[in-house]
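Okay, structure first, notes after.
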Amino acid sequence: QIVVVVHFVSLGLLLNARSQAGIRCIHGQGHRPMIFATLADPTKEVAKWCVDTGRSNAAVVVSSARGPAEALRDFWYVTNAMDGSDVEQRAIAFPSWQAAADEPRLFMKLLTHINQCSELCETLGESLLCVARHPRAEPGPGEPRPPPLPLLLLRALSSPKTPWGTDNDDNPFGLDYDPFAELEARLGTEQAETIGPVSDEVVIQATHAWVDALIVKMRICPFSSSVEKAGLPVGGVSYPISRAKTVEEVYLAFWEQVEELANTDEREMSTVLLITPDFAMASADGFDAFANTLTESLSSLNVEEQLQLVFFHPGYTFRDGKQRLGDEGEAANFARRSPFPMINLLRTPQVRSAQKGIPTGSVYDVNERNLASVGVESLRLMLAERDWAHLYGREYLPHITRAMNEANAMK
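The sequence shown begins at 1 in the numbering used here and counts up one residue at a time.
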């Protein structure tokens, strides 16, 4: 028996087709068409490869991803969908991602990134294993041939042993203990120490108040003109809230927003502030470790030409080699200390345009001086009470543009 699963992103569903007599495929309309001619051919080819390699109970998931961002969105969708599912094995096929088919190293970079993410995950790398197969790579152990398409293979570790890969797949570290258990605990369990559930309305109100007072009025970001407008050219600011509690869920929410930003005109949506009030709220270190995996992906997966990231957290601390705790230097941290954990998605061309107008180093310097003028204790109290009214009516140092520097140099 083969279970064929076709993933239509626009529907947000996994559609199952079971057939005792053979393989049947489900067709449907999505918000964008598949680029291959017929869905049946690649699905059947992957399903046949699964049978021939001893994976006859696997579900085949056909992704419409054309690049790494969409591929990761679909991967995390499937990973989250496997939690509690009775399907123990899934093969995710990428027939539309031509670059991955042409370049095995690019596809393996995707797997490397996933493995790095698994170090923080609750299920992936613990009770769920992911390996990759590629048409231009050598077959896996016991496999008669490579797959017809680039594949990510997921298997629940509680299932009976299958010819999924080498024995080392189950213990990639070769250790009898989990070296990331402490970090995972910080990400997953310290949330219980927060102030309790907060409604979406409260989250948005507090975030808007913080953005208006610090980001706009104090001009922490000199290119934000209001709560709703920012960027070069000026466009809208999106404030999606994700109620994700696990790392896997936040990864999915993040890559969904990457795709949303990419598919929206910049004058309609210039930037995104993805708010995660239920994730790592009490663990700045855990959130920082999570943030590092996303930052790394920008360069390793060639996404940095389109996307830049800035992270905010109530306990954020700059790691720039300066003394940022216990004295006046701590004030600079409040440029990134938001009421809730947030991921700021920025368009790279806009960031580069902004840097041409105002040097990044100058922005950091002016922000630090302005925050220091308010005082660490006052800033700490405002953040705790989520009330920034005292920031209004004050005078702040202006940001120095490159044109101003050049004019001064000519005097």
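We put the beta carbon where it would ideally sit given N, CA and C, even for glycine.
Taking C-alpha positions only, A99 is separated from D265 by approximately 25 Å. Uninterrupted alpha helix (DSSP H) stretches at least 4 residues long and entirely within the stretch 192–217 occur at 200–210, given in chain order. Taking a contact as a CB-CB distance under 8 Å, the pair T401 and I358 counts as one, their CB atoms being some 5 Å apart. Less than 8 Å divides the Cβ of L72 from the Cβ of W255.
Between the alpha carbons of G84 and M218 lies a distance of about 47 Å. Under the three-state reduction of DSSP output, I275 falls in the strand class. Taking a contact to require three or more Cβ pairs closer than 8 Å, the stretch 58–69 and the stretch 285–292 do not qualify as touching. Apart from sequence neighbours up to five positions away, the residues of its chain that approach N370 with a beta-carbon distance below 7 Å are M218, Y396 and L397, ordered along the chain.
The straight-line gap separating the alpha-carbon atoms of E143 and V272 is approximately 44 Å. Beta-bridge pairing by DSSP links L153 to A91 and V131.
In this structure S96 is in contact with R66, their Cβ atoms being roughly 5 Å apart against a cut-off of 8 Å. DSSP, read as helix, strand or coil, puts L298 in helix. Judged by beta-carbon spacing, A230 lies beyond the 8 Å limit of S199, meaning their Cβ atoms are not closer than that value.
R219 sits in coil when the DSSP states are folded into three classes, being neither helix nor strand. Assignment of M281 by DSSP, reduced to helix, strand and coil, places it in the coil class. Under the three-state reduction of DSSP output, A291 falls in the helix class. Beta-bridge annotation (DSSP): M342 is paired with I275 and F312.
Per DSSP, S238 is one residue of the beta strand (DSSP E) stretching across G235 to S238. By the criterion of a C-beta distance shorter than 6 Å, G125 is surrounded in its chain by S118, once the five residues flanking it on both sides are discounted. Counting the other Cβ atoms within 10 Å of the Cβ of K44 gives 16 or more, which makes it buried.
If you draw a straight line from the Cα of R394 to the Cα of V374, it is about 9 Å long. Take the alpha-carbon of V51 and the one of L294: they are about 35 Å apart. The secondary-structure analysis by DSSP pairs A230 across a beta bridge with S224 and G235. Partner residues in the beta bridge of L124, as assigned by DSSP, are L128. G235 sits buried, since 16 or more C-beta atoms from the chains shown fall within 10 Å of its C-beta. Inclusion of S226 and L274 in the CB contact set at 8 Å is not warranted, their separation being larger than that value. Pairing S353 with L232 gives a Cβ-Cβ distance under 8 Å. Distance from the Cα of S297 is smallest, within the candidate group I92, D86, V203 and I114, for I114. The C-beta distance from V363 to H399 rounds to 6 Å, short enough to meet the 8 Å contact threshold. For the set Y77, A335 and S224, the Cα lying nearest the Cα of L152 is the one of Y77. Rounded to whole angstroms, the Cβ separation of P139 and P150 is 14 Å, and the two are not in contact under 8 Å. In the three-state reduction of the DSSP assignment, R347 falls in the strand class, which pools E and B. The closest CA to that of V131, considering only D102, L120 and T79, is found on T79. Your pair L301 and P68 checks out as a contact, with CB atoms roughly 4 Å apart and the cut at 8 Å. Taking the CA atoms as reference points, K109 sits about 39 Å from D212.
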